[in-house]
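Sequences listed follow chains A and B, in order. So this note's numbering is basically just the index in the first sequence, starting at one, shifted up by 701. So this note's numbering is basically just the index in the second sequence, starting at one, shifted up by 565.
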Amino acid sequence: GIQVEQSPPDLILQEGANSTLRCNFSDSVNNLQWFHQNPWGQLINLFYIPSGTKQNGRLSATTVATERYSLLYISSSQTTDSGVYFCAVDLGAGNNRKLIWGLGTSLAVNP
Amino acid sequence: GAGVSQTPSNKVTEKGKYVELRCDPISGHTALYWYRQSLGQGPEFLIYFQGTGAADDSGLPNDRFFAVRPEGSVSTLKIQRTERGDSAVYLCASSPDGTYGYTFGSGTRLTVV
Numbered sequence: 702g703i704q705v706e707q708s709p710p711d712l713i714l715q716e717g718a719n720s721t722l723r724c725n726f727s728d729s730v731n732n733l734q735w736f737h738q739n740p741w742g743q744l745i746n747l748f749y750i751p752s753g754t755k756q757n758g759r760l761s762a763t764t765v766a767t768e769r770y771s772l773l774y775i776s777s778s779q780t781t782d783s784g785v786y787f788c789a790v791d792l793g794a795g796n797n798r799k800l801i802w803g804l805g806t807s808l809a810v811n812p
Numbered sequence: 566g567a568g569v570s571q572t573p574s575n576k577v578t579e580k581g582k583y584v585e586l587r588c589d590p591i592s593g594h595t596a597l598y599w600y601r602q603s604l605g606q607g608p609e610f611l612i613y614f615q616g617t618g619a620a621d622d623s624g625l626p627n628d629r630f631f632a633v634r635p636e637g638s639v640s641t642l643k644i645q646r647t648e649r650g651d652s653a654v655y656l657c658a659s660s661p662d663g664t665y666g667y668t669f670g671s672g673t674r675l676t677v678v
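Given below as structure tokens:
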């Protein structure tokens, strides 16, 4: 089956720093999503991004589908950005809607 | 409701017992998903409902696991003869049609002792 690999596995930042998280996937996908899981376990969708670039405030994401990777950029990091960032892909239309997840990048932003 | 509600938030049960986990999705969302997350892992797909029917149950690990959504709204995940390996956080998500707008609940932490 499809493999989703995220790097780095862990990241520690000082508040105000920028970072780039990477997601590689082993096969063509229908859609790719980035999620943030806060320290209390709540998962929030950040981006739906099968291709191209999107921006939302201090976060932006780029997916290069032909090269099977996606990047999540965090600028001017804040302590509230701490948590785990997951990349998840779905494989197609119709009934094949399950998400395949990476292991995540655990981010700690220190004040 | 305003969000996806999961109950209970925590459940401790003895090995061999039966448990039911409930998910109340956002009103009007036809798609509903169950995932399971173990410590340090990403969520693992269990089952996907479109309306009342299970469109994909390929992630259910064995026949001890079963899920229903009889009226196309609330769903119940049922686990028979629980084992210690079933301990995890069980997450539910809903979506307007399965293509976008995923909203996750806060999860049920199941501990089998």
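Note that beta-carbon positions come from the ideal geometry of N, C-alpha and C, so glycine has one too.
### Message
For Tyr613(B), would you say it is in contact with chain A, using Cβ-to-Cβ distances shorter than 8 Å as the test?
### Response
yes
### Same chain, Cβ closer than 8 Å to Pro751(A), neighbours up to 5 away in sequence not counted
Val730, Asn731, Asn732, Leu733, Thr764, Ala766
#### Entry: Minimum Cβ-Cβ distance from Asn746(A) to chain B less than 8 Å
yes
### Message
Could you give the first and the last residue of the continuous beta strand (DSSP E) run that contains Asn731(A)?
### Response
Asn731(A) -> no beta strand (DSSP E), and no H or E assigned at all.
### Query
Any contact of the region 574 to 586 of chain B with the region 663 to 678 of chain B, i.e. 3+ C-beta pairs under 8 Å?
yes
### Query
Ends of the beta strand (DSSP E) at Asn811(A)?
806 to 811
### Message
Is there a C-beta anywhere in chain A that falls below 8 Å from the one on Asp621(B)?
### Response
yes
### Message
Please tell me whether Arg769(A) has its Cβ less than 8 Å away from any Cβ of chain B.
### Response
no
### Query
Leu656(B) versus chain A: which residues are under 9 Å apart at the beta carbon?
Gly742, Leu744
### Contact set for Ser720(A): own chain, Cβ-Cβ below 7 Å, skip 5 residues either direction
Leu712, Leu714, Ile775, Ser778
### Query
Are there three or more Cβ pairs, one per stretch, closer than 8 Å when the region 739 to 751 of chain A is compared with the region 583 to 595 of chain B?
no
### Task
Pull up the distance between the alpha-carbon of Leu675(B) and that of Gly805(A), whole angstroms please.
22 Å
### Message
Rounded to whole angstroms, what is the Cα-Cα separation between Ser652(B) and Ser807(A)?
### Response
22 Å
#### Entry: Continuous beta strand (DSSP E) stretch holding Glu636(B): start and end
Run containing Glu636(B): none; DSSP gives neither H nor E here.
### Message
Let's see if you can read the secondary structure: which residues bound the beta strand (DSSP E) around Glu585(B)?
### Response
584 to 589
### Task
Could you check which residue in Cys724(A), Pro710(A), Gly803(A) has the C-alpha nearest to that of Ala762(A)?
Cys724(A)
### Query
Got a sec: which bits of the region 630 to 643 of chain B sit with their beta carbon under 9 Å from any beta carbon on chain A, in order along the chain?
none
### Query
Smallest Cα separation from Gly663(B): which of Ala596(B), Glu585(B), Val569(B)?
Ala596(B)
### Message
So the candidates are Glu706(A), Leu792(A), Tyr786(A); which of them puts its Cα closest to the Cα of Pro740(A)?
### Response
Tyr786(A)
### Task
Residues of the region 645 to 676 of chain B with a CB closer than 9 Å to any CB of chain A: list them in chain order, please.
Val654, Leu656, Ala658, Ser660, Gly663, Thr664, Tyr665, Gly666, Tyr667, Thr668, Phe669, Gly670, Ser671, Gly672, Arg674
### Task
Please go through the same chain and pick out, in chain order, the residues whose beta-carbon is closer than 7 Å to the beta-carbon of Ser629(B), but skip the five residues on each side of it.
Reading off the sequence, residue 629(B) comes out as Arg, not Ser. So the list reads Ile644, Gln645, Arg646, once near-sequence residues are dropped.
#### Entry: Beta-carbon contacts of Lys580(B) that lie in its chain and below 8 Å, excluding the five residues immediately before and after
Thr647, Glu648, Arg649, Val677, Val678
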